[in-house]
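Here is the structure we will look at.
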Amino acid sequence: MAFPEHASLNDLHGFVAVARTRNFRKAAAELGVSPSALSHALRGLETRLGVRLLNRTTRSVAPTEAGERLLARLTPALGEIADALDAVNDFRESPAGTLRINAPRAACDWILAPLIARFLTAHPGMRLELVDDDNLVDIVAKGFDAGVRFGESLQQDMVAVPLGPAQRFVVVASPAYLSEHGRPSSPHDLVGHRCIRLRFPSGVFYRWEFSRDDSRIDVEVDGPLALGDMRLMIRAAEEGLGLAFVYRQYAQDALAAGRLVSVLDDWRPPETGFFLYYPSHRLVPSGLRAFIDLVREVHPSNSP
14 MAFPEHASLN DLHGFVAVAR TRNFRKAAAE LGVSPSALSH ALRGLETRLG VRLLNRTTRS
74 VAPTEAGERL LARLTPALGE IADALDAVND FRESPAGTLR INAPRAACDW ILAPLIARFL
134 TAHPGMRLEL VDDDNLVDIV AKGFDAGVRF GESLQQDMVA VPLGPAQRFV VVASPAYLSE
194 HGRPSSPHDL VGHRCIRLRF PSGVFYRWEF SRDDSRIDVE VDGPLALGDM RLMIRAAEEG
254 LGLAFVYRQY AQDALAAGRL VSVLDDWRPP ETGFFLYYPS HRLVPSGLRA FIDLVREVHP
314 SNSP
């Protein structure tokens, strides 16, 4: 059966990208076309269908009711087409195509970045798009092949592959701050301290988590400074602005140099590891399978 004359596959991909990102520039960059060309193509699609799919203003773009309905049907359908094409890709000697991964900044820094050169060198037909994003996103809706998150924050119906060693958190402060304000001996003492809070992109503030033996305590700290980047939190802690709860790997140089001191070490914050995850209901693209194989080669202790 011939594809309907009023809608090309490229036009439908363009519509899904714009409806998903709600931004012509982002969608155009994702598709490798100009925003004006994408806008022209979608206006042509709307004309041929006789239905407005997108509401446009100078500041925003959003699907209409008809557009939402089309998006809901197209997203799984285009996924099935991609799966079918990738099944053919299995007959190639090496995978080809684009692999899109969404991951928090820390996972990009420590685990994924060292794998990039090896992956692209081993698979010259692949393109890799690694997006560092600390938001909890719907990787299917956002068009990613896989994501990286801590185990407790994984979405349902996902296959999870352990990625790298468990990450340890630590509470740190400068020697000058501790000299002036004292050293907390338990998590309950944090209520009286100036704490540098971590603010997630969603606007939620992180509650500091501690455990010892069978006890677990979550503390909602307070302080004059809130940041969204742990590297900035470490810098602020070094300047004596308060206590910070950060990945130990980010703080290790400052700890070794004596610019920071760890506290509450007997109340070890829970350790947890990152996971690479992808939808269980989709065929695994050959490029993603190759990336998973590399992860298991580099981190064999994490293999099932």
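If you count the sequence shown from 1, you need to add 13 to reach the numbering used here. We treat Cβ as the ideally placed atom computed from N, Cα and C, and that holds for glycine. What you are looking at is a predicted structure, and each value in this text was computed from that prediction instead of being measured.
The stretch 228-284 contains, as complete beta strand (DSSP E) runs of 3+ residues, the segments 228-232, 238-240, 256-260, 274-276 (chain order). By the Cβ-count criterion, Phe213 is exposed, with fewer than 16 other Cβ atoms from all chains shown falling within 10 Å of its own Cβ. In this structure, Arg181 is the residue among Arg69, Leu112, Arg181 with its C-alpha nearest to the C-alpha of Gln265. In terms of Cβ geometry, Asp158 and Leu301 form a close pair [threshold 7 Å].
Counting along the chain, the unbroken alpha helix (DSSP H) around Thr34 starts and ends at 22-34.
The three-state reading of DSSP puts Ser299 in helix, counting H, G and I together. Short of 7 Å from the beta carbon of Thr77, and not among the five residues preceding or following it, lie these beta carbons of its own chain, in chain order: Arg65, Leu66, Leu67, Asn68. Each residue's CA atom was taken as its position, placing Ile129 and His312 some 15 Å apart. Taking 7 Å as the cut-off, the Cβ atoms of Val204 and Phe258 do not count as close. Given a length threshold of 4 residues, each whole run of the alpha helix (DSSP H) inside the stretch 167-224 is given here in chain order: 188-194.
The continuous beta strand (DSSP E) containing Phe163 extends over residues 159-163. Closest option to Met171, judged by alpha-carbon separation, among Leu133, Val297, Gly286, Thr111: Val297.
Under the DSSP assignment, Ala75 falls in the beta strand (DSSP E) whose first and last residues are 74-76. Collapsing the DSSP output to three states places Asp145 in a strand. Note on Pro117: 16 or more other CB atoms within 10 angstroms of its CB, so buried under the neighbour-count rule. When DSSP states are grouped into helix, strand and coil, Pro292 belongs to the strand group.
For Thr88, the closest alpha carbon among the candidates Leu149, Val153, Ser21 is that of Val153. Here the alpha carbons of Glu93 and Asp151 stand approximately 18 Å from one another. Counting only residues of its own chain and dropping the five nearest sequence neighbours on each side, Pro237 has a CB closer than 8 Å to the CB of Arg207, Leu254, Gly255.
In this structure, Phe288 is the residue among Glu310, Ala303, Phe288 with its C-alpha nearest to the C-alpha of Asn115. In this structure, DSSP gives Ile152 a state outside helix and strand, which the three-state scheme calls coil.
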